[in-house]
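**Student:** Here it is: the structure, laid out below.
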Amino acid sequence: MKKLKRSFFKRPTLEVTKELLGKVLVIGNCSGRINEVEAYIGQNDPACHACNGMTKRNEVMFGEAGHLYVYFCYGMYHCANIVTEKKGFPAAVLLRGVEPLDGKEQMKKRRGRGGHLSDGPGKLCIALGMAKKSHNGVDLCNNGKCYVYDDGFIPKNIKSSPRIGIKVGLNKKWRLFYQS
DNA sequence: GTCCCGATTCTA
DNA sequence: AGAATCGGGACT
Numbered sequence: 016m017k018k019l020k021r022s023f024f025k026r027p028t029l030e031v032t033k034e035l036l037g038k039v040l041v042i043g044n045c046s047g048r049i050n051e052v053e054a055y056i057g058q059n060d061p062a063c064h065a066c067n068g069m070t071k072r073n074e075v076m077f078g079e080a081g082h083l084y085v086y087f088c089y090g091m092y093h094c095a096n097i098v099t100e101k102k103g104f105p106a107a108v109l110l111r112g113v114e115p116l117d118g119k120e121q122m123k124k125r126r127g128r129g130g131h132l133s134d135g136p137g138k139l140c141i142a143l144g145m146a147k148k149s150h151n152g153v154d155l156c157n158n159g160k161c162y163v164y165d166d167g168f169i170p171k172n173i174k175s176s177p178r179i180g181i182k183v184g185l186n187k188k189w190r191l192f193y194q195s
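The first sequence begins at 16 in my numbering and counts up one residue at a time.
Below, the structure written as structure tokens:
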């Protein structure tokens, strides 16, 4: 059960994306096993928030790998990414789903229901208590209360598809997930 | 300042 | 299929 170091995230995004599957995301008292992710890679990816250069919103994507990029969307949800690649290259992995592990009761309370606690990027942020104001730019590699660890779990049946909810870049199958 | 739209979710 | 709901980014 070892925490992932910055060197894990500071690599080609598609490698990080695939290897994040099965790892455990810890946000304070709650944790969940990552089972669905998407890659957003650089200025040539038309679906990437950074495709038109740096803005106040996406500046974290241009920074050091291993930080959280949390943004606000659709007027009511937040979505969380983990920044990848070297500094100056804007890329990140969107967290789309986790299987609840620790803190399920708190997650249920936050979500206001008993099921489907964290199977979606917006739901996951609600369940784990992540929001732009509190978590955008948070470092997952500084021995804080937010981090990712590897407990040896090996996901089976990894599949890919086009990314969800976008209208461009659909030719890339950069959504990765597994079914347990 | 104005305007349009979004890496979603829930309900009908 | 449609509503909810508002910040961000492009543009005037």
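Just so you know, even glycine gets a beta-carbon here, dropped at the ideal spot from N, CA and C.
Here the structure is a predicted model, which means the values were calculated and not measured.
Out of 49, 85 and 118, which one is the CA nearest neighbour of residue 148?
**Tutor:** As a position in the first sequence, residue 148 is number 133, starting the count at 1. Residue 85 is the option with its Cα nearest to residue 148.
**Student:** If we count the other Cβ atoms within 10 Å of its Cβ and call it buried at 16 or more, is residue 89 buried or exposed?
**Tutor:** Residue mapping note: residue 89 aligns to position 74 of the first sequence, counting from 1. Under this definition residue 89 is an exposed residue.
**Student:** Are there three or more Cβ pairs, one per stretch, closer than 8 Å when the region 65-73 is compared with the region 153-165?
**Tutor:** No, they do not touch.
**Student:** Hey, quick one: how far does the alpha helix (DSSP H) through residue 93 stretch, first residue to last?
**Tutor:** As a working note, residue 93 is residue 78 in the first sequence. No alpha helix (DSSP H) holds residue 93; the beta strand (DSSP E) holding it covers 92-98.
**Student:** For residue 175, which residues of its own chain have a beta-carbon under 7 Å away from its beta-carbon, when the five flanking residues on both sides are left out?
**Tutor:** Here the question's residue 175 lines up with position 160 in the first sequence. Around residue 175: 188, 190 and 191.
**Student:** So the candidates are 75, 93 and 99; which of them puts its Cα closest to the Cα of residue 34?
**Tutor:** Here residue 34 is taken as the residue at index 19 of the first sequence, counted from 1. Among 75, 93 and 99, the Cα nearest to that of residue 34 is on 99.
**Student:** Grouping DSSP H, G and I as helix and E and B as strand, with all else coil, what is residue 62?
**Tutor:** The sequence position of residue 62 within the first sequence is 47, counting from 1. Note: residue 62 maps to coil in three-state DSSP.
**Student:** Suppose you measure from the CA of residue 137 to the CA of residue 111; what does that come to, to the nearest Å?
**Tutor:** For this step, residue 137 is matched to residue 122 along the first sequence. For this step, residue 111 is matched to residue 96 along the first sequence. Going by the C-alpha atoms only, they are around 8 Å apart.
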